[in-house]
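Participant: In the working numbering, the protein residues as written are 1 to 302.
Provided herewith is a single structure, encoded as structure tokens, for subsequent inquiry.
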């Protein structure tokens, strides 16, 4: 039996009429950049996460990169990052001229708080915490360390839409939470897209300026910005998808529960669930000492 990792056109076909209506609404408006769909999505996504502010951007990488820049981190600074992550986490640091400092993961695949303090130096300005595969990092210990050492915390939530640590959704613990809406994400656009959420109005305004050539008012460029604007069509489609995200998250959890109950192979280490956390299973990642053999077996059997 062949099981595809992601069938994006199937996602579209399930709700084609809704997506078509959303796209046509944006197309017929004649307003394709920085319009009402973006504004509405930012309001709705902020409400979903429980944040005060959301800023739509072109990608998850831009969300991370502009957050680092908005916090004033640059050449000569160090940012602690997990050693087990996607390259975008590291690129966001190096793109701003800062140096990534790697820290090993815990048994939940997120950065290990027990290893963080050994990596802190006088040059450390921030920690970038990745909620990998849909599981929240240990934010209680991480925030305690950050506050004690006066460090900024940037949350990489590219894989953790809707995940919680305690009663709080990922993205709301640190100074800023960064999301990707790449098509395969739990909340995926029909192209590249991203966003940040924050409780800091000043930081939100700075990121809004950075995404739009560094300007608040057209032709008045105050910052060294970029073009990273979430377009109206993607915003309209994301608004539609967002309404279904809670139900889709529950479906993922139900499927994961079947895997956890049904896989009984002693050579396969199943994902562990952090106490007090709610996993959203962007990926169901297993470990085995026979990785290459296991990979070949799965490939041979579809």
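Even for Gly, the Cβ is constructed at its ideal location relative to N, Cα and C.
The model shown is predicted, which means the values in this text are computed figures rather than measured ones.
Residue 262 lies in the alpha helix (DSSP H); which residues open and close that run?
Facilitator: Segment 232 to 262, the alpha helix (DSSP H) holding residue 262.
Participant: Just the Cα atoms here: how many angstroms apart are residue 182 and residue 204?
Facilitator: About 22 Å.
Participant: Give me the Cα-Cα distance between residue 191 and residue 282, rounded to the nearest whole angstrom.
Facilitator: Their backbone Cα atoms lie some 18 Å apart in a straight line.
Participant: On the DSSP letters alone, give me the boundaries of the beta strand (DSSP E) that residue 216 sits inside.
Facilitator: Segment 215 to 217, the beta strand (DSSP E) holding residue 216.
Participant: Here's a check: name, in chain order, each residue in its chain whose Cβ is nearer than 7 Å to the Cβ of residue 200, leaving out the five neighbours to either side.
Facilitator: So the qualifying residues of the chain are 175.
Participant: Provide the residue(s) that pair with residue 57 in DSSP beta bridges, ordered along the chain.
Facilitator: Answer is 194.
Participant: Whole-angstrom Cβ separation of residue 73 and residue 101, contact assumed at under 8 Å?
Facilitator: So it is not a contact: roughly 13 Å between Cβ atoms.
Participant: By the 10 Å Cβ neighbour count, where 16 or more other Cβ atoms means buried, how is residue 158 classified, buried or exposed?
Facilitator: The residue is buried, with at least 16 neighbouring Cβ atoms inside 10 Å.
Participant: Please classify residue 135: is it buried, with 16 or more other beta-carbons within 10 angstroms of its beta-carbon, or exposed?
Facilitator: Its Cβ being crowded by 16 or more others within 10 Å, residue 135 is buried.
Participant: So, with DSSP's three-state summary, where would you put residue 138?
Facilitator: Of the three classes helix, strand and coil, the one that applies to residue 138 here is coil, per DSSP.
Participant: From this set, 139, 214, 151, which residue's C-alpha is nearest residue 275's C-alpha?
Facilitator: Taking only the C-alpha atoms, the option nearest residue 275 is 139.
Participant: For the region 75 to 107, list the alpha helix (DSSP H) runs that are entirely contained and at least 4 residues long, ordered along the chain.
Facilitator: Complete alpha helix (DSSP H) runs here, min 4: 87 to 94.
Participant: Quick one: grab the DSSP three-state call for residue 49.
Facilitator: DSSP places residue 49 in helix when its eight states are reduced to three.
Participant: Determine, using beta carbons only, whether residue 129 and residue 95 come nearer to each other than 8 Å.
Facilitator: For residue 129 and residue 95, no; Cβs fall outside 8 Å.
Participant: Please name the residue or residues paired with residue 130 in a DSSP beta bridge.
Facilitator: Answer by DSSP bridge pairing, in chain order: 156.
Participant: May I have the straight-line CA-CA distance separating residue 9 from residue 150, to the nearest angstrom?
Facilitator: Using only the alpha carbons, I get a separation of about 46 Å.
Participant: Would you grab the beta carbon distance between residue 277 and residue 38 for me? Rounded to a whole angstrom, and I think it's under 8 Å.
Facilitator: Actually they do not touch by this definition, with Cβ atoms about 31 Å apart.
Participant: Are residue 195 and residue 179 touching if we call contact CB-CB under 8 Å?
Facilitator: Closer than 8 Å, so yes.
Participant: Assuming the contact rule is C-beta atoms closer than 8 Å, residue 229 and residue 34 should be a hit. Round their C-beta distance to whole Å, please.
Facilitator: About 6 Å separates the two Cβ atoms, so the contact holds.
Participant: Ignoring anything shorter than 3 residues, give me the beta strand (DSSP E) runs that lie fully in the region 164 to 193, in order along the chain.
Facilitator: As far as the region 164 to 193 is concerned, its whole beta strand (DSSP E) runs of at least 3 residues are 176 to 180.
Participant: Between the Cα of residue 246 and the Cα atoms of 280, 221, 216, 259, which residue gives the shortest distance?
Facilitator: It is 280.
Participant: Based on DSSP bridge pairs, tell me the residues matched to residue 13.
Facilitator: Beta-bridge pairing links residue 13 to no other residue.
Participant: By a C-beta neighbour count over all protein chains shown, 10 Å radius and 16 as the cutoff for buried, is residue 153 buried or exposed?
Facilitator: Result: buried.
Participant: Cα-Cα, which of 297, 88, 168, 184 is closest to residue 5?
Facilitator: The shortest Cα separation from residue 5 among 297, 88, 168, 184 belongs to 184.
Participant: Of the residues 214, 188, 146, 300, which one's Cα is nearest the Cα of residue 7?
Facilitator: Of the candidates 214, 188, 146, 300, the one whose C-alpha sits nearest the C-alpha of residue 7 is 188.
Participant: In the DSSP output, which residue or residues are listed as bridge partners for residue 117?
Facilitator: Answer by DSSP bridge pairing: none, since residue 117 is not bridged.
Participant: Within a Cβ cutoff of 6 Å, which residues of the same chain sit near residue 211, ignoring the five residues on either side of it in sequence?
Facilitator: Hits under 6 Å: 57, 228, 229.
Participant: Roughly how far, in whole angstroms, is the beta-carbon of residue 84 from the beta-carbon of residue 132, given that I think they are within contact range, below 8 Å?
Facilitator: So it is a contact: roughly 7 Å between Cβ atoms.
Participant: With DSSP as the reference, label residue 65 as helix, strand or coil.
Facilitator: Three-state result, residue 65: helix.
Participant: I'd like to check one pair, residue 89 with residue 64: are the Cβ atoms closer than 8 Å?
Facilitator: Closer than 8 Å, so yes.
Participant: If we ignore side chains and look at the alpha-carbon of each, how far apart do residue 267 and residue 171 end up?
Facilitator: Approximately 35 Å between the Cα atoms of the pair.
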